[in-house]
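J.: Every letter in the sequence shown is one number past the one before it in this note's numbering, and letter 89, counting from 1, is 74. Ideal Cβ placement from N, Cα and C applies to all residues, glycine included. Take this structure, written in structure tokens, and hold onto it; I'll ask about it next.
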Amino acid sequence: MGTNFQTMKRGTPILFAPLALFVLILVSVLYFSTRQTPGKSQHSRSEFPPVKESKSINKFTDADFAAHVEQLKKKLPGRGFTIIVQPPFVVIGDGTPAAVKSQAETVRWAVDKLKQDYFENDPREILNIWLFKNEASYRKHARALFGDEPDTPYGYYSSAHKALVMNIETGGGTLVHEIVHPFVEANFPNCPAWFNEGLGSLYEQSGEAEGHIYGYTNWRLPGLQEAIRRNIVPSFKTLMATGTRAFYDEDKGSNYAQARYLCYYLQERSLLIKFYKEFRANHKNDPTGYQTLQSVLNETDMSAFQKKWEKFVLGLSEEFKLLAPA
Ligand SMILES: [Zn+2]
């Protein structure tokens, strides 16, 4: 390298053009390789299969997307919307065109990374991702377009409306979380809420490790640690047997976090993808995932495991406070 650099320095000015180009490419590569990565990870990624191109089912053609966009244009709730086809989704945003473009990049990244490790099938239909620039726009348009009064300030997935509806001002984390749900729906029918939300929540704070999606600790951690200290976290058997409605409606506040940090624990042990695949395969015989969890963990004494997991969680710290929703 040193020798080459000396040669360039002594060379004619024309050599600066390739040098400048090289620097430009280097800077671009560094920029794009770090922009989705909030931090470096030291964790072993031995769980991952080699990166290969994902083949997916339910692919729509360019003509299908074009027809979808034409229909969509007729229904736009006002001016100033940017539409970007980002298969298998269509992204519609009322931020600046540059902002919507960058948010569509996040969608592309999340879709690629999630499909690489988990999902063969695209959602059955083309889904719209509505990215509203602030809470006022989000609430106004959720009402106007879908008659919804969202119970969350961040965003939600509506299977009935074939839409993800987001307040993108709260950050891209919820966007990645919600993208998980239609993929789970298309790839793991009857997946229980605990795992659907555990996986979605895991990736609401994510980046890349060795080319794969990786969930970091996040804002759900302190509340879970507090619940563990107060001894009010249910057993995994109870959590995993919680039905969908009960998971959402009777949550004492720790369901999402407990499910997330079980997924996080499995990720750290390089067992998460294995668990997902085995759980999906065994789902008829083990609808809650509890037996599959025991077998993947190789644990017979689940109360001892719970103690081990609690100790693990209490030893974690929040890695990226700045990205947490307010
Ligand atoms: Zn969710």
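Please report how far the alpha carbon of A266 lies from the alpha carbon of G196, in whole angstroms.
T.: Answer to the nearest angstrom: the Cα atoms are 26 Å apart.
J.: Are the CB atoms of H53 and V76 nearer to each other than 8 Å?
T.: Contact flag unset, no.
J.: If we define contact as Cβ-Cβ less than 8 Å, is K292 a contact residue for chain B?
T.: Absent here is chain B; the protein component of the structure consists of one chain.
J.: Which runs of the alpha helix (DSSP H), 4 residues or longer, sit entirely within the region 249 to 296?
T.: 257 to 267, 275 to 282, all fully within the region 249 to 296.
J.: Taking its Cβ as the centre, do 16 or more other Cβ atoms sit within 10 Å of K59, making it buried, or is it exposed?
T.: Exposed, because fewer than 16 other Cβ atoms sit within 10 Å of the Cβ of K59.
J.: Mind checking T19: buried by the 16 CB within 10 Å criterion, or exposed?
T.: Bear in mind that a pLDDT of 36 at T19, under 50, signals an unreliable position, so the number given afterwards is only what the model happens to contain. Exposed, since its Cβ has fewer than 16 Cβ neighbours within 10 Å.
J.: Is G185 near ligand 1, with its Cβ less than 7 Å from a heavy atom?
T.: G185: yes, Cβ under 7 Å from ligand 1.
J.: Is E182 near ligand 1 - that is, is its Cβ less than 7 Å away from at least one heavy atom of it?
T.: Yes, since a heavy atom of ligand 1 falls inside the 7 Å radius drawn around the Cβ of E182.
J.: Measure how close the beta-carbons of I164 and D102 come, nearest whole angstrom, since I'm counting them as under 8 Å.
T.: Actually they do not touch by this definition, with Cβ atoms about 14 Å apart.
J.: Pull up the distance between the alpha-carbon of G300 and that of T155, whole angstroms please.
T.: So the two alpha carbons sit approximately 28 Å from each other.
J.: Ordered along the chain, which non-local residues of its own chain (more than five positions away) have a Cβ less than 7 Å from that of S26?
T.: Confidence at S26 is low in this model, with a pLDDT of 38, below 50, so its placement is unreliable and no value can be given for it.
J.: Would you mind stating whether G140 and V150 have Cβ atoms separated by less than 8 Å?
T.: Contact flag set, yes.
J.: Compute every distance between the C-beta of H162 and the non-hydrogen atoms of ligand 1, then say whether any falls below 7 Å.
T.: Yes, the beta carbon of H162 sits closer than 7 Å to at least one heavy atom of ligand 1.
J.: In whole angstroms, what separates the C-alpha of K293 from that of R215?
T.: C-alpha separation (whole angstroms): 16 Å.
J.: With a CB to CB cut of under 8 Å and the five nearest residues on each side skipped, what residues in its chain are close to K86?
T.: So the qualifying residues of the chain are T67, I69.
J.: I'd like the span of the alpha helix (DSSP H) that includes A212, first residue to last.
T.: Looking at the DSSP string, the run of the alpha helix (DSSP H) that includes A212 is 206 to 214.
J.: Figure out for me which residue from N119, Y261, W179, L257 has the closest Cα to the Cα of F221.
T.: Closest by alpha carbon: W179.
J.: Buried or exposed: G185, going by 16 or more other Cβ atoms within 10 Å of its Cβ?
T.: Per the 10 Å Cβ criterion, buried.
J.: Short check: CB of A148 to CB of L116, under 8 Å?
T.: It is not a contact, given that the beta carbons lie outside the stated cut-off.
J.: Please classify L209 as buried or exposed, where buried requires at least 16 other C-beta atoms within 10 Å of its C-beta.
T.: So L209 counts as buried.
J.: Thinking G65 and I153 are a contact (beta carbons under 8 Å), I'd like their distance in whole angstroms, please.
T.: That pair is no contact at about 14 Å.
J.: Under 8 Å, do R245 and G183 count as touching if we go by C-beta distance?
T.: Contact flag set, yes.
J.: With 16 as the cutoff for other CB atoms within 10 Å, does S302 come out buried or exposed?
T.: Classification of S302: exposed, given that the 10 Å Cβ count is below 16.
J.: Verify the contact flag: H268, CB atom, against every heavy atom of ligand 1, threshold strictly below 7 Å.
T.: No.
J.: Leaving out five residues on either side along the sequence, give the residues of the same chain with a beta carbon under 6 Å from the beta carbon of Y241.
T.: Taken in chain order, the residues that qualify are E182, S186.
J.: If we count the other Cβ atoms within 10 Å of its Cβ and call it buried at 16 or more, is A243 buried or exposed?
T.: Looking at the sequence provided, one finds Gln at residue 243 rather than Ala. That one is buried.
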